[in-house]
Every structure is written in C-alpha cells, then in structure tokens.
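In my numbering, the protein residues as written are 1256 to 1599.
Here a beta-carbon is modelled for each residue, glycine too, at the ideal position from N, C-alpha and C.
Heads up, the thing below is written out as structure tokens.
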Ligand code: G3I
C-alpha cells in the first residue's frame, strides 16, 4: 500500500485533509479522501455559524455526517474550530454590536457553545482547535503583535484560558490545540514576532495550569513567500516541544499567482511554480518528521477543484494550492511528500 496514510503510518504520523461536505458527494473526491488520508477536518461544518445559525437551533447534520464518514473509514478527526473571530453567527455578532447581548452574557454563551459542542462529540475528536488566530499580524496596525479580534475586544485576554478550561472539562481526553498561521519559523522574517508572541503567551498560560496540549501551525504558504528550510521549521516545533507540547501542521497548502502562463490544471513537471509548491509541501512535512512530537500533517483540501484559495485571493488571482489538480491527478507536490515518507 503506497497511499500517503500507509506510508505515514510507518512513522507513526497521521496524514489528514480538510473536507468540504458538498465535495464529498463526488465519487472521485470521496475515493481519494478515503484512500489517502488517516484524519479529516471539517472545512466549515463545525464553525459556530454552521452549527447554530439561529440562536438555540443547532444544525448538527453536516458535522455529524463527516464524523460518521471518519468512523466508517477508521479515520481520526481534528475538530475545527471552537473559538474564532470569523464565521460567527450574525445573531451573536449583531447582538453584541447593538447591545442586546452583554459582555457577561457573551462569556456565558461562549462557555455554553464550547461545552455543548465538545460534549456532543466527546470521544470522537482526536484534536480540538480550541482557539484559532488570536494574534495580530506584523502588517496590522499597530504593528506590535497583540491579541486581536472579536473575542479579545469583547472579553479581554482571559477568554483564552477560559476556553481551554471549558474544553478540557467537556472532554478530558481530546488534545487541545492553539492554532494559527504564519507560524512556520523563527528567524528574522516578519512572522517571527508572531511566533514569539504566541510562544510566550502559551508558555505563561501553561505555567498557570491552563490545559493547552498542542501547537497547530496552519501552514498556508505560497510559492513566492514562506520559503523556509526544514531545519528552520523544526526549530519552531522544537520550541513548543520543549514546553512539553505536541504539535501538528493543520491546514497546509501552497498557493501560486495565476499569472505569466500559469493555467489551472497545469501539470507541467518543470513549471517552476509546481516545483516550488512541492518544495514547500515537503519542507513542512520534513520538519514534522524531524520533530518527534509532531503528530499529524493535514492539508487544507487536496484538490484544486475544491480549494478556498481561488475564491479568497482574486487580485492578483492565486490558485494551484493543493496536491491534486482539478481533474484529481496527483501533482508534483503529491509525489514529493510521498517520497519524503518513503525515504525518511
Ligand atoms: O455560507 C455560504 C453559502 O450559503 C453560500 O452558498 C456559499 C456560496 O458562496 O458561500 C457560503 O459561505 C462561504 C463558506 O466558506 C462556505 O463555503 C463563505 O462565503 C466563505 O467565506 C467561506 O470560506 C471559508 C473561510 O475559512 C472563511 O473564514 C473557507 O471555505 C475555509 O476554507 C476557510 O478556512 C480557514 C480556516 O477555517 C482557518 N484558517 C484559515 C482558513 C483559510 O481561510
């Protein structure tokens, strides 16, 4: 068996993908999701706006469907996501904005959300992304890294410790992750300040007994940026390991600008962008393999046919971010991580 999941199992590594519920209706999509991956993540179905679109009325069916899919296929589930400033239900954000939901009530609602969701899936979730993307980016104003977004603004910084404690109480066996992007490497590049900020934040919280088990590095890279080497990336993972934590790459993809003759579906082996993409996919996997506490490597979708990148990055247009092209043919990046798994 030369599937990614079989090759990864030799290293005790779990290899995962985000799954779009709609796409799962396609036989080819479903076949690859089943055969190649040992873990799945809901791309959108477990976000608060999906689960509770109307206050007090839950829509569990799409999330449940992937949980069942995973159980049938003997796959683990990375639960995504409990606390994030995006994809919140409008009743919640509007209620806070117009003052009908007070800060005290908001905190109670967050506790109820975490408790309800984590208890419902107790025993079925391997990792929970408890808090996602809490820190600002170097290009934000002010540029000094700080806690940002809806939760920090309305509840202050203590929401992070609260969220992890509530999640632990609801399912003591799930591993609880802090998850963020631009966290690949320390060094003298822009993102490094953010890595240090999060590292110090987590270190302090753990010193106070807050149950943060894992560091999730999303791994959204591009072929024109994020060109690290595996040892730089390993250093970041090692720093969190030294705190006694596990880690994972949680949303890996490598996007390219769709300019200068780059076509969707281009599988030309010597296309430099496809080579650079393969390189970046490999660097993160190699770092994960070099660090003994990196538990899984998850890609954020596996085919260019179903990827958030082209809908998100339109000016200039970007794409080609995944392991398979739009016709489900494996690309150079697929072969590259496959050989990493074979030769490591
Ligand atoms: O809900 C509407 C639906 O009713 C409508 O039919 C459809 C048509 O456009 O749009 C739907 O909402 C879209 C949703 O995806 C579901 O497809 C939103 O417009 C779109 O913004 C949303 O994008 C998601 C994005 O998070 C939004 O925050 C992407 O699919 C998802 O891949 C992306 O995932 C995030 C991770 O959760 C966290 N890290 C970054 C990563 C990439 O942005």
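Candidates the options: which alpha carbon is nearest residue i's?
i: residue 1412; options: 1459, 1437, 1377 and 1381; result: 1459
i: residue 1339; options: 1488, 1409, 1360 and 1320; result: 1409
i: residue 1256; options: 1290, 1479, 1266 and 1276; result: 1290
i: residue 1593; options: 1361, 1526, 1350 and 1540; result: 1540
i: residue 1320; options: 1308, 1274, 1352 and 1336; result: 1274
i: residue 1421; options: 1365, 1398, 1395 and 1497; result: 1365
i: residue 1569; options: 1512, 1329, 1472 and 1399; result: 1512
i: residue 1564; options: 1282, 1386 and 1476; result: 1476
i: residue 1345; options: 1308, 1357 and 1398; result: 1308
i: residue 1318; options: 1277, 1370, 1474 and 1397; result: 1277
i: residue 1414; options: 1400, 1261, 1526 and 1359; result: 1359
i: residue 1483; options: 1301, 1390, 1534 and 1372; result: 1534
i: residue 1296; options: 1492, 1556, 1584 and 1597; result: 1556
i: residue 1298; options: 1332, 1416 and 1327; result: 1332
i: residue 1370; options: 1301, 1424, 1386 and 1313; result: 1424
Determine whether the beta carbon atoms of residue i and residue j lie at a separation below 8 Å.
i: residue 1268; j: residue 1543; result: yes
i: residue 1536; j: residue 1591; result: yes
i: residue 1490; j: residue 1440; result: yes
i: residue 1453; j: residue 1461; result: no
i: residue 1581; j: residue 1510; result: no
i: residue 1381; j: residue 1447; result: no
i: residue 1405; j: residue 1478; result: no
i: residue 1304; j: residue 1343; result: yes
i: residue 1374; j: residue 1426; result: yes
i: residue 1469; j: residue 1529; result: no
i: residue 1579; j: residue 1287; result: yes
i: residue 1272; j: residue 1554; result: yes
i: residue 1545; j: residue 1485; result: yes
i: residue 1504; j: residue 1472; result: yes
i: residue 1550; j: residue 1418; result: no
i: residue 1335; j: residue 1384; result: yes
i: residue 1577; j: residue 1284; result: no
So does residue i have its beta carbon nearer than 7 Å to some heavy atom of ligand 1?
i: residue 1298; result: yes
i: residue 1335; result: yes
i: residue 1563; result: yes
i: residue 1567; result: yes
i: residue 1281; result: no
i: residue 1436; result: yes
i: residue 1555; result: yes
i: residue 1601; result: No answer is possible for residue 1601: it lies beyond the span of the chain, which begins at 1256 and ends at 1599.
i: residue 1314; result: no
i: residue 1439; result: no
i: residue 1573; result: no
i: residue 1530; result: no
i: residue 1360; result: no
i: residue 1307; result: no
i: residue 1387; result: yes
i: residue 1473; result: yes
i: residue 1506; result: yes
Within 10 Å of its beta-carbon, does residue i have 16 or more other beta-carbons around it, so buried, or fewer, so exposed?
i: residue 1435; result: buried
i: residue 1499; result: exposed
i: residue 1567; result: exposed
i: residue 1560; result: buried
i: residue 1368; result: buried
i: residue 1480; result: exposed
i: residue 1595; result: buried
i: residue 1352; result: exposed
i: residue 1310; result: exposed
i: residue 1330; result: buried
i: residue 1445; result: Reliability of the predicted coordinates at residue 1445 is poor, the pLDDT of 46 falling under 50, and the value obtained from them is presented with this limitation in mind. By the 10 Å Cβ count, residue 1445 comes out exposed.
i: residue 1586; result: buried
i: residue 1457; result: buried
i: residue 1562; result: buried
i: residue 1378; result: exposed
i: residue 1316; result: exposed
i: residue 1399; result: exposed
i: residue 1357; result: exposed
i: residue 1450; result: buried
Quick one: is residue i near chain D, going by C-beta distance under 8 Å?
i: residue 1299; result: Among the chains of the structure shown, chain D does not appear; only one protein chain is present.
Identify every run of the beta strand (DSSP E) within the segment 1355 to 1399, keeping only runs that are complete inside it and at least 3 residues long; order them along the chain. 1382 to 1387
Identify every run of the beta strand (DSSP E) within the segment 1286 to 1322, keeping only runs that are complete inside it and at least 3 residues long; order them along the chain. 1294 to 1297
4 or more residues per run - each alpha helix (DSSP H) lying fully within the segment 1454 to 1508: Here the runs fully enclosed are 1485 to 1497.
Alpha helix (DSSP H) runs contained entirely in the segment 1517 to 1575, provided each spans 4 or more residues: 1527 to 1545 and 1563 to 1567
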